[in-house]
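Under the numbering used here, the residues of the sequence shown are numbered 81 to 196, in order.
Quick reminder that beta carbons are idealized off the backbone N, C-alpha and C, glycines included.
In this text the structure is predicted, and so the values were computed from the model without any measurement.
One structure below.
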Amino acid sequence: MKREVRAFQLTISSFMLPRNLYRRCSSPKTFAYECCYFNFLTIVDVSLKAMSVIGDRRSREQKAKQEREKELAKVTIKKEDVELIMGEMEISRAVAERSLREHMGNVVEALIALTN
């Protein structure tokens with residue numbers, strides 16, 4: 081959530097106001113209406129830009145996560161190693177397999193990571 085707010089703030093700070101915003105109008109009332117309309121369009125534009133930035137970031141994160149999962153699925157692990165970790169650490173099979181895959185099948189590194 082903090083990253084999304086930061087992306088929104090960056091989008092707002094990068095927005096530039098047009099030079100003809102304060103042009104002369106026929107009456108102060110017309111000027112006020114034009115400013116309100118412009119401010120509404122500005123808010124909509126900035127909101128759309130922020131949502132686009134947030135959506136792009138989420139899709140990149142999801143894609144990176146999927147690629148990481150594919151890489152981890154390719155790692156071969158031994159059944160004995162999984163059972164050893166399950167017995168020593170008293171954790172589920174899924175957690176033991178995940179830890180082993182993240183450490184490329186190295187039992188010692190997996191155990192160290194689980195104890196930390």
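- A buried status is given to Ala-190, since no fewer than 16 other beta-carbon atoms sit within 10 Å of its beta-carbon.
- Here the C-alpha atom of Glu-177 lies approximately 22 Å from the C-alpha atom of Lys-143.
- Bounds of any alpha helix (DSSP H) do not take in Ile-171, whose DSSP letter is neither H nor E.
- Judged by DSSP secondary structure, Ile-192 falls within the alpha helix (DSSP H) whose first and last residues are 187-195.
- Contact between Gly-185 and Val-155 is confirmed by a C-beta separation of about 6 Å, below the 8 Å threshold.
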